[in-house]
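Notes follow the structure.
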Amino acid sequence: SQRCIIVGAGHAAAQMVASLRSGGWDGEILLIGDEPSLPYQRPPLSKGYLGGEMTQQQLFIRPETFYQKHHVELLLNTRVSAIDRERKTVSTNKGEALDYDRLCLATGTRPRRLDCLPGAALNGIHYLRSAVDVERIRGELAGTKNAVIVGGGYIGLETAASLRKAGLQVTVVEAAERILQRVTSPQLSEFFRRLHREEGATILEGTGLAEFVGTNGRVNAVRTNGGELLPADLVIVGVGVEVNGELARDCGLEYDNGIVVDDYCRTSDEGIVAIGDCTYHYNAHYDRRLRLESVPNATEQAKIAAKTLCGKLQPYNSLPWFWSDQYDIKLQIAGLSQGYDEVVVKGDRESRSFCLYYLKAGRVIAADAVNSPRDFMQAKKLIQSRSGLPEEALA
Ligand code: FAD
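Using the numbering used here, you'd call the opening residue of the sequence shown number 16 and step up by one each time.
Dropping the structure here:
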């Protein structure tokens, strides 16, 4: 029988396994992942899991019995170190060479590191990508008073909210002019800046880091590029990601900002598909190639790639969407707002429930819905149907 090897055991891989079986793949499935645990949900890492409100069991995407029932062989704690496309084998860090008929790359991303800054090797400086990272951070919370979060993107801000809830003094240091600059409008940045200040966090924008300062091998402060010394018993860095793309690049697959895939999640080698955060793919709604860091995209691409391997080609055609939870705020984002020429606010920002619609040439291209799931659902439809805003929303 045929064997499909999936490299990386995260969100995309967990969905891939399920969709392969439901799509009729009756060959072997071998899932290889370098983390110690079953595939788990990452979004709660900066939210409920960091706050201690969830157990590890609750993080798992599917229970262990699921993999047994569907005859999926799991090789955890195992890293794939190379792909030989001619022989159709992958080799692992444990010295094995494993044959495949079909290969699926679901390797995701890793945090961009600040190793070049002085003091970067001090203890107490953390990155936040895996459950193990969070367990390490949680182990240091007792006795921590001051936390500095480097980076004011969604992960940094969610982490700030979780640590505030845990009673820490929290300072967010953002190098860009405003938090969330890369992903959203000044209006939404303004809302989150105010929210965090109301909840007692300090937000410093336009502030870079010069060094980490410590004694006896442990961090106790960070120095900003303006020379200010901020006390920090704990530092969490969230300054973006890099693609785990080395495997694909080294075996000569087409690569450009991510593993290049077509509408069917096929790489430049037709026996190899790629899915999730590691892919660079075309999106018809925005008529450009994108690399998305989101669970909905990982899940959707897995479904498409599984169909491809089962011989039932169906093109990818999803609207990007995201969410973020901070304090009592649930933000839902439909579409991508880059390039908008008009913003319309529906509802009242003071009430912590409103929606920002982004328009381009009169059509809705994206929306940020704050505690307003109905607006989010409606916005998705408006974007998909390439419509303008209905009268009642404009009023
Ligand atoms: P991953 O889940 O990263 O899985 C890839 C796996 O492959 C990893 O386990 C990696 O270690 C492994 N791997 C890599 N290379 C190898 C190799 N050579 N051999 C073996 N294994 C390998 N998204 C949202 O939509 N909403 C959110 O609210 C949200 N919050 C987030 C909060 C945090 C703290 C983080 C870190 C991410 C968040 N995301 C969120 C993003 C979301 O988690 C990712 O988009 C999603 O995990 C992507 O799935 P993936 O399978 O592509 O990659």
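Every residue gets a Cβ at the ideal spot worked out from N, C-alpha and C, and that includes glycine.
Practice task
Please list, in chain order, all residues of the same chain as Val87 whose beta carbon is under 7 angstroms from its beta carbon, the five residues on each side excluded.
Solution key: Val32, Ile44, Leu46
Practice task
For Cys19, count neighbouring C-beta atoms within 10 Å of its own C-beta (all shown protein chains included) and say buried if the count is 16 or more, exposed if not.
Solution key: buried
Exercise for the section: Kindly indicate which three-state DSSP category His86 falls into: helix, strand or coil? Expected result: coil
Practice task
Output the residue ranges of the beta strand (DSSP E) runs that lie fully inside the stretch 182-247 and measure 3 residues or longer, sorted by chain position.
Solution key: 184-188, 217-219, 224-230, 233-239, 244-246
Problem - Neighbour-count burial assignment, Glu243, 16 or more Cβ in a 10 Å radius - result: exposed
Practice task
Starting from His26, follow the alpha helix (DSSP H) in both directions and report where the run begins and ends.
Solution key: 26-37
Handout entry: Bridge-paired residues (DSSP) for Pro126
Key = Val256
Handout entry: DSSP beta-bridge partners of Gly171
Key = DSSP output for Gly171 lists no bridge partner at all.
Exercise for the section: Have a look at Ala258 and Val359 and give me their C-alpha separation to the nearest angstrom. Expected result: For clarity, residue 258 is Val in the given sequence; the question names Ala instead. Rounded to the nearest angstrom, the two C-alpha atoms are 35 angstroms apart.
Handout entry: Whether Leu268 touches Ile290 by CB criterion (8 angstroms)
Key = no
Problem - Backbone secondary structure at Cys370 - three-state DSSP - result: strand
Practice task
For Pro388, verify whether its CB is less than 7 angstroms away from any heavy atom of ligand 1.
Solution key: no
Exercise for the section: Can you check DSSP and say which residues form a bridge with Lys361? Expected result: Cys370
Exercise for the section: From the DSSP output, in three-state form, read off Asp340 for me. Expected result: strand
Practice task
Please list, in chain order, all residues of the same chain as Val275 whose beta carbon is under 6 angstroms from its beta carbon, the five residues on each side excluded.
Solution key: Glu269, Tyr295
Practice task
May I have the straight-line CA-CA distance separating Gly229 from Gln353, to the nearest angstrom?
Solution key: 40 angstroms
Problem - Local conformation of Gly154 per DSSP, three classes - result: helix
Exercise for the section: Going by CA-CA distance only, name the one from Glu213, Leu203, His211, Arg193 that's closest to Gly223. Expected result: Arg193
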